[in-house]
Amino acid sequence: MAEMTISTPPTTAAPPGETPGKAPRGGRRKAAVRRVRRRLVHLLIVLIAVTFLSFVVIDLLPGDAAVVVAGDNATPAQVAQVRTDLGLDRPMLVRYVDWLGGVVTGDLGRSFRTGQPVTEALAQRIPVTFELTIIAQVLALLIAVPLAIYSAYRPGRFVDRTSMTLGFGAAAMPQFVFGMVLIVLFAGGLTSILPATGYTSFFTDPLGNLRTIILPCLTLMIAEAAVYRQLLRSDMISTLQEDYILMARSKGLGPRTILLRHALRPSSFSLITLSGVNIGRLLGGTVIVETLFAIPGLGQMIVQAVFNRDYMLLQGGLLFVAVAYVVINMIIDLLYLVLDPRVRRDA
Amino acid sequence: MRPTTPQAEKAPTTAAPGRHARREGFEDGALLTVEDVHVRFHTRNGVVHAVEGVSLELSEGEVLAVVGESGSGKTVFTRRVMGLIAGSRDTEVSGTVTFDGITLSELDAKGLSKVWGKEIALVLQDPMTSLNPVKRIGAQITETLILHQKLSKQDANARAIELLRSVGLSEPERRVRQYPHELSGGMRQRVTIAIALSCSPRLLLADEPTTALDVTVQAQILDLLGDLQSRLGMAMLLVTHDLRVVRSRSDRIAVMYAGRIVETAPTKDLFDSPRMPYTEALMNAVPPITGPNHVRLAVIPGRPPDLLAPPKGCRFSPRCPYAQDRCLTEEPPLRDAADLPDGSAVEHSYRCWYPVGTPENAEARRVNVERGETAAGTPVTGEMVPA
Amino acid sequence: MPDSPKTTTTTSLEKAAVTDRDAIDSEITSADLDLVEPITGATATEPAKARRSRTPFGWYLAWFWIAAIVISAIFAPLLPLWDPAVPDYNNVFGGITPQHWLGGDTLGRDNLSRIIYGARASLLVGLCAVLLGAIVGGILGMVAGYFRGRTERVLALITDVVLAFPGLVLIIAIVAILGASLTNLIVGLAILSVPTFIRLSRATTLVVTQREFVQAARAYGCRPMRIILREIAPNVVMPVAAYGFIMVGVFIVVEGSLSFLGLGIPPPTPSWGGMIAGGRTQLIEYPHISLIPAAVMFLTVLSINYVGERSRKLFEVRESNL
Chain H
1026 MAEMTISTPP
1036 TTAAPPGETP
1046 GKAPRGGRRK
1056 AAVRRVRRRL
1066 VHLLIVLIAV
1076 TFLSFVVIDL
1086 LPGDAAVVVA
1096 GDNATPAQVA
1106 QVRTDLGLDR
1116 PMLVRYVDWL
1126 GGVVTGDLGR
1136 SFRTGQPVTE
1146 ALAQRIPVTF
1156 ELTIIAQVLA
1166 LLIAVPLAIY
1176 SAYRPGRFVD
1186 RTSMTLGFGA
1196 AAMPQFVFGM
1206 VLIVLFAGGL
1216 TSILPATGYT
1226 SFFTDPLGNL
1236 RTIILPCLTL
1246 MIAEAAVYRQ
1256 LLRSDMISTL
1266 QEDYILMARS
1276 KGLGPRTILL
1286 RHALRPSSFS
1296 LITLSGVNIG
1306 RLLGGTVIVE
1316 TLFAIPGLGQ
1326 MIVQAVFNRD
1336 YMLLQGGLLF
1346 VAVAYVVINM
1356 IIDLLYLVLD
1366 PRVRRDA
Chain S
393 MRPTTPQAEK
403 APTTAAPGRH
413 ARREGFEDGA
423 LLTVEDVHVR
433 FHTRNGVVHA
443 VEGVSLELSE
453 GEVLAVVGES
463 GSGKTVFTRR
473 VMGLIAGSRD
483 TEVSGTVTFD
493 GITLSELDAK
503 GLSKVWGKEI
513 ALVLQDPMTS
523 LNPVKRIGAQ
533 ITETLILHQK
543 LSKQDANARA
553 IELLRSVGLS
563 EPERRVRQYP
573 HELSGGMRQR
583 VTIAIALSCS
593 PRLLLADEPT
603 TALDVTVQAQ
613 ILDLLGDLQS
623 RLGMAMLLVT
633 HDLRVVRSRS
643 DRIAVMYAGR
653 IVETAPTKDL
663 FDSPRMPYTE
673 ALMNAVPPIT
683 GPNHVRLAVI
693 PGRPPDLLAP
703 PKGCRFSPRC
713 PYAQDRCLTE
723 EPPLRDAADL
733 PDGSAVEHSY
743 RCWYPVGTPE
753 NAEARRVNVE
763 RGETAAGTPV
773 TGEMVPA
Chain L
24 MPDSPKTTTT
34 TSLEKAAVTD
44 RDAIDSEITS
54 ADLDLVEPIT
64 GATATEPAKA
74 RRSRTPFGWY
84 LAWFWIAAIV
94 ISAIFAPLLP
104 LWDPAVPDYN
114 NVFGGITPQH
124 WLGGDTLGRD
134 NLSRIIYGAR
144 ASLLVGLCAV
154 LLGAIVGGIL
164 GMVAGYFRGR
174 TERVLALITD
184 VVLAFPGLVL
194 IIAIVAILGA
204 SLTNLIVGLA
214 ILSVPTFIRL
224 SRATTLVVTQ
234 REFVQAARAY
244 GCRPMRIILR
254 EIAPNVVMPV
264 AAYGFIMVGV
274 FIVVEGSLSF
284 LGLGIPPPTP
294 SWGGMIAGGR
304 TQLIEYPHIS
314 LIPAAVMFLT
324 VLSINYVGER
334 SRKLFEVRES
344 NL
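Chains as they are written, first to last, in the working numbering: chain H, 1026 to 1372; chain S, 393 to 779; chain L, 24 to 345.
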């Protein structure tokens, strides 16, 4: 969930193999292929489970979609007609298999409410949420990584203490509160330099796009930056106590080289995992920010679909979110192959 | 700080020139001079006296072995010599370290980094942890070459392959592209040696370079170090807890106990006539290769002292079979063995009130065996103490 | 002392040189523990002074705030407060007055009274949901970590499925199905937190199971349930509890977020999130209606995070051999 970034859940990455020996030449590629294959199977199972579960959940939602679609003044006969039209009179399992068949052919059905194809609705919403997510992540990392490196280099000093105190504050600030404070500060109350709500596409007006996403991105990134800094800093401090850092110092390398070239990469594994998990989460979970700033993104769409009993739209949205989550986890897994040569051997 | 008699402390460094038993071909004058080095760590449990008043001298091309149990402060001492441990709010350092006319102990980080890797190099104990796991072997060697010798990337790479070959690694062209985890422990230690020697340093600090390795590999690595040392004519400070290791591989030995040097002598002299009971005990704890099987080894009773609260008087007194009342109250200074009746005319100093091989020692031994325990209350029997 | 100690600025790089096996291990921990102390009393200008780990002032401050909120929430009916649900038309958008210390809201209800009664709802949701989630997740995690094999794989799959749902969407769906009420919120949040607790408990169990006393119990032929309850559970409780403590803060925020979306505890029951959302329309003109409960929520979450983070460090099981 969007706010669940205050404390990092324990990520358990597989430990690298320790046994020394000769690695086969093509070991890297082979290991990668094997990993992808194993992951794909897992992905498929998770997707089927997620979509089925969401079908069940949606089926349990109170209220009758046919009534909602037919309107308040519809006669029972009209409602029955709508129900047949939407295929809601069939058993849930049949509808699920039917829907799954559609997914394979790229047909996610149509919105009950507007009749718009779900794929089209997704195509409109996904880029918006994607933009917010990626920019917020990049901003968070840009702020957190240098601060973390410097804090780890001189722990307990000014930069470390200040950023730690501010970070504690940032992590304790609920998104909707921080967003509201930003609106008061920049879009109404004190100054009015940025629009409080709305979204302008980058392709129609790049500058307008920038103006509309600044506050939402700030809201999204602030807590993450705090968590990332804390995480990287503590990993970095334990890396700096490694023998190979002592060795690097004894070679006469300067602190900059040691921090950036020797210590950063081995310290960044948990950061990358967490950042990936967050991207996966944010893609479906910028609900609060999209609601607060009235941004037509995926989160807003999903929440509206719940309220409107727009099952097809909801189903499509959840499918995308689940795919995004699993695919990103797979990418992180593969990224380990690049970052940590020790992983390449096992698998 | 416990007052130390300056003359005694400086004995090794100010000995008369005639006493120096140096090997031929080496110019006189020290490459490394360590004077009265102290290192103390302020921890929440108290102050740890890791190194106390150590003075040493190392000539060009000389191999000095620093021998001691774990916890004797030898690793801290080595790192202080290099400057890797600096003073801070919880680390207190004093004393001077001079290398080739440069006072290392006064240099800042920037100044030190010009010496590190280029003039002084370090080999650590555990090759499993002293190589960066996510960097290729080649990159870990070439970075010093590029930094200190200003080689181009290509030249550095060629030189790295050459270095790997010189430390006896097979297929060096392939090794440079490998990662540390793809090599065995012995191979990794060869790599760290190659890194240390990449810029032909004049001083190599080897901190227990073989402790983490298989016994079969240990001798190979030590021989390699010795071979390279004599070939390159560099000085070496070989830190170890194993006396056997240094017998044939060092010119001089300094024995450390509880942060202090308790005895220092040329290797042969030390083995022939150890003066400090601790040195003697260390030797007795080593099984003689030519001796009979299944002989009970002599053990040193007790444990190394707690550096948070070191014993009063002689640090070794609680474990020493010869300990007398004086040993418990008064710490012996470093004394010159040449003043002893049978002392040879070499630079040999020790820290003991009842040095081994003297009538005083024999008397102390007799007293302790008679009452069945030392002045510190450690039980003594006749067979435990070699006559 | 004949020579003054040389003092330079230390970096962690230099500190690292000290932390070898031959020296003292306590160096590492003393450096490590500094992480959780944002402000320590030790000054860098005093060289070589033994630094004791003093409990920072913030620790007491945080506990004081938490205690004040909890106690006033428990004894709210006994306190001389206005009725939190009764509007007072003289106090609409009211400022700070001797009668209404924190002013009034859009309907003129007393802010102080609503904050204290709101604390009951917020804390109840947070505590109960975490308790439920921690117990279920903790047990499942121990089972997964102890038995490994198929049990573990099935639980991993369930965990993945739940995590693949966007959390807020899931809770929205649950609230939409079951209706917005205190109980349903608690159940929904508990379901959300179960996967994380499973992961934490499993990871800890994996480490604990390797320890001698568990191996010994296994070798004696103790029954698995007995081992889990007697040997493993006591070691898993502390990290799970420390993490759960932080989760209480998270859930207070989530409850607020749901109220913000109109899905929280239904009015007229006061809750912090509902108060913040209620003042949103008057944010520019009367910011105090939203910002005062927001500040209270912020301080509470901050205190919980601070206390939780510090204690989590103490009970953290090293994940080195996972």
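We put the CB at the ideal spot given by N, CA and C, even for glycine.
* Asked: Which residues in the same chain have their Cβ closer than 6 angstroms to the Cβ of L/Val20, if we skip the five residues on either side of it in sequence?
  -> The structure shown does not extend to residue 20 of chain L, since chain L spans only 24 to 345, so no value can be given for it.
Terminal residues of the continuous alpha helix (DSSP H) containing S/Val526? By one-based count along the second sequence, residue 526 of chain S stands at place 134. Taken as a continuous stretch (DSSP letters only), S/Val526 belongs to no alpha helix (DSSP H), as it is neither H nor E.
Candidates H/Lys1276, H/Arg1286, H/Gly1096, of which the one nearest S/Lys502 by Cα
Translated into positions along the second sequence, residue 502 of chain S becomes position 110. Of the listed residues, the one whose Cα sits closest to S/Lys502 is H/Lys1276.
| Using a C-beta to C-beta distance shorter than 7 angstroms, which residues of chain L count as neighbours of H/Gly1194? | Against the first sequence, residue 1194 of chain H aligns to sequence position 169. Per Cβ cutoff of 7 angstroms: Leu325.
Distance between beta carbons of L/Ala203 and L/Phe301, contact taken as under 8 angstroms = Reading the third sequence from its first residue, position 278 is the one you call residue 301 of chain L. Reading the third sequence from its first residue, position 180 is the one you call residue 203 of chain L. The residue you asked about is not Phe; residue 301 of chain L is Gly in the sequence shown. Going by Cβ atoms, the distance from L/Gly301 to L/Ala203 rounds to 15 angstroms, so no, they are not a contact pair.
*Can you name the residues of chain H whose CB is closer than 7 angstroms to the CB of S/Gly509?*
Residue numbering aside, residue 509 of chain S sits at position 117 when the second sequence is read from its first letter. Going along chain H in sequence order, the residues near S/Gly509 (Cβ under 7 angstroms) are Ser1275, Lys1276, Gly1277.
Using a Cβ-Cβ cut-off of 6 angstroms (strictly less than) and excluding sequence neighbours within five positions of H/Ala1195, which residues of its own chain qualify? Within the first sequence, the letter at position 170 stands for residue 1195 of chain H. Once the five neighbours on either side are set aside, the close Cβ partners of H/Ala1195 are Ile1247, Ala1248, Ala1251.
| message | Cutting at 6 angstroms between CB atoms, please list the residues of its own chain near H/Thr1264, excluding the five before and the five after it. | response | Locating residue 1264 of chain H in the first sequence gives position 239, counting from the first residue. Cβ neighbours of H/Thr1264 beyond the five flanking positions: Ala1288, Pro1291, Ser1292.
inquiry  = Using a Cβ-Cβ cutoff of 7 angstroms, what residues of the segment 279-298 of chain L are near chain H? List them in chain order.
reply    = Taking a C-beta cut-off of 7 angstroms against chain H, the contacting residues of the segment 279-298 of chain L are Gly279, Ser280, Phe283, Leu284, listed in chain order.
Could you spell out where the beta strand (DSSP E) holding S/Ile645 opens and where it closes?
-> Within the second sequence, numbered from 1, the residue matching residue 645 of chain S stands at position 253. 644-649 is the extent of the beta strand (DSSP E) around S/Ile645.
Review point. Is any beta-carbon of chain L found at less than 9 angstroms from that of H/Tyr1336?
Key: One-based indexing of the first sequence puts residue 1336 of chain H at position 311. It does not: the Cβ of H/Tyr1336 has no partner Cβ on chain L nearer than 9 angstroms.
Buried versus exposed call for L/Gly211 [16 or more other C-beta atoms within 10 Å across all chains shown]: Along the third sequence, one-based indexing puts residue 211 of chain L at 188. The residue in question, L/Gly211, is buried, as its Cβ has 16 or more Cβ neighbours within 10 Å.
- Task: Quick one: residues in its chain with C-beta nearer than 7 angstroms to the C-beta of L/Phe274, no 5 flanking neighbours on either side, listed in chain order?
- Result: On the third sequence, residue 274 of chain L is found 251 positions in, with the first residue counted as 1. For L/Phe274, where only same-chain residues beyond five positions count, the Cβ hits under 7 angstroms are Val148, Gly149, Ala152, Val153, Leu212.
Chain-ordered chain L contacts of H/Tyr1350 [CB-CB under 9 angstroms]
Start at 1 with the first residue of the first sequence, and residue 1350 of chain H comes out as number 325. Those are Asp183, Leu186, Ala187, Phe188, Pro189, listed as they occur along chain L.
### Query
Taking three-plus beta-carbon pairs below 8 angstroms as touching, is the segment 1266-1283 of chain H in contact with the segment 512-524 of chain S?
Touching, yes, given that three or more Cβ pairs across the two stretches are closer than 8 angstroms.
**Request:** Compute the distance between the beta-carbons of S/Val638 and S/Leu630, then report whether it is under 9 angstroms.
**Result:** For the purposes of this step, residue 638 of chain S is taken as the residue at position 246 of the second sequence. For the purposes of this step, residue 630 of chain S is taken as the residue at position 238 of the second sequence. Yes; because the gap between Cβ atoms is below 9 angstroms, this pair is in contact.
Tell whether a beta-carbon distance below 9 angstroms holds between H/Ala1161 and H/Thr1222. In the first sequence, the residue the question calls residue 1161 of chain H occupies position 136. In the first sequence, the residue the question calls residue 1222 of chain H occupies position 197. The answer is no: Cβ separation not under 9 angstroms.
Using DSSP bridges, identify the partner residues of S/Met628. In the second sequence, residue 628 of chain S corresponds to position 236, counting from 1. Answer is S/Val455, S/Leu596, bridged to S/Met628.
Exercise. CB-CB under 6 angstroms to S/Arg567, same chain, minus the five flanking residues each way: which ones, in chain order?
Worked result: If you number the second sequence from 1, residue 567 of chain S lands on position 175. Same-chain partners within the cutoff: Ile529, Leu556, Leu561.
My output table needs one value for H/Gly1134: the three-state DSSP class, helix, strand or coil.
Taking the first residue of the first sequence as 1, we reach residue 1134 of chain H at position 109. The answer is coil: DSSP assigns H/Gly1134 none of H, G, I, E or B.
Apart from the five residues just before and just after S/Leu516, which ones in its own chain have a Cβ nearer than 6 angstroms to its Cβ? As a first step, residue 516 of chain S is located in the second sequence; it is residue number 124 there, counting from the start. Ser522, Asp599.
Q. For the segment 433-444 of chain S, which residues have a CB atom closer than 8 angstroms to at least one CB atom of chain H, in sequence order?
A. none
| said: Let me check understanding here. Comparing Cα to Cα, which of H/Glu1156, H/Thr1190, H/Tyr1121 lies closest to H/Tyr1336? | reply: The residue labelled residue 1336 of chain H in the question sits at position 311 within the first sequence. Out of H/Glu1156, H/Thr1190, H/Tyr1121, H/Tyr1121 has the C-alpha closest to the C-alpha of H/Tyr1336.
task = Specify, as a first and last residue, the run of the beta strand (DSSP E) that S/Glu655 falls within.
result = Here residue 655 of chain S refers to the residue found at position 263 when the second sequence is read from its first residue. That run of the beta strand (DSSP E) goes 652-658.
Report task. Taking S/Glu739 as the reference, give the member of S/Leu699, S/Met579, S/Leu450 with the closest Cα. Result -> For the purposes of this step, residue 739 of chain S is identified with residue 347 of the second sequence, where counting begins at 1. Nearest of S/Leu699, S/Met579, S/Leu450 to S/Glu739, Cα basis: S/Leu450.
Less than 9 angstroms between the beta carbons of S/Leu456 and S/Ser642, yes or no? Position 64 of the second sequence, counting from 1, holds the residue named residue 456 of chain S. Position 250 of the second sequence, counting from 1, holds the residue named residue 642 of chain S. Yes, Cβ-Cβ distance for S/Leu456 and S/Ser642 is below 9 angstroms.
*S/Thr770 to S/Asn753 span [Cα, whole Å]*: Taking the second sequence and counting its residues from 1, one reaches residue 770 of chain S at position 378. Taking the second sequence and counting its residues from 1, one reaches residue 753 of chain S at position 361. Distance between the alpha carbons of S/Thr770 and S/Asn753 is about 17 angstroms.
Listed from N- to C-terminal order along the chain, which residues in the segment 751-772 of chain S have their beta-carbon within a distance smaller than 8 angstroms of any beta-carbon of chain H? none
ask   = Any Cβ of chain L within less than 9 angstroms of the Cβ of H/Val1206?
value = As a position in the first sequence, residue 1206 of chain H is number 181, starting the count at 1. Yes, its Cβ sits closer than 9 angstroms to a Cβ of chain L.
Subject >> Same chain only: Cβ atoms within 8 angstroms of S/Leu616, ignoring 5 sequence neighbours per side >> reply: By 1-based counting over the second sequence, the position of residue 616 of chain S is 224. Cβ neighbours of S/Leu616 beyond the five flanking positions: Val559, Gly560, Arg582, Ile585.
Exercise for the section: Kindly indicate which three-state DSSP category L/Ala108 falls into: helix, strand or coil? Expected result: Taking the third sequence and counting its residues from 1, the one referred to as residue 108 of chain L is at position 85. If DSSP states are grouped into helix, strand and coil, L/Ala108 belongs with coil.
**Item:** First and last residue of the uninterrupted alpha helix (DSSP H) at S/Gly487
**Value:** Residue 487 of chain S sits at position 95 when you count from the first residue of the second sequence. Run containing S/Gly487: none in the alpha helix (DSSP H); it sits in the beta strand (DSSP E), 483-491.
When the Cα of S/Gly705 is compared with those of S/Asp428, S/Ala650, S/Pro666, which residue comes out closest? Here the question's residue 705 of chain S lines up with position 313 in the second sequence. The candidate whose alpha carbon is nearest that of S/Gly705 is S/Ala650.
### Query
Going straight from the alpha carbon of H/Arg1186 to that of H/Pro1180, what length do you get?
Position 161 of the first sequence, counting from 1, holds the residue named residue 1186 of chain H. Position 155 of the first sequence, counting from 1, holds the residue named residue 1180 of chain H. Looking at the two C-alpha atoms, the distance is approximately 8 angstroms.
Margin query: Can you pull the chain L neighbours of H/Thr1017, defined as C-beta to C-beta under 8 angstroms?
Written below: In this structure chain H extends from 1026 to 1372, so residue 1017 of chain H is not present and cannot be described.
Note to self: Quick check on H/Ile1159 - is its C-beta less than 9 angstroms from some C-beta in chain L?
What the structure shows: The residue labelled residue 1159 of chain H in the question sits at position 134 within the first sequence. Chain L, which has no Cβ nearer than 9 angstroms to the Cβ of H/Ile1159, makes this no.
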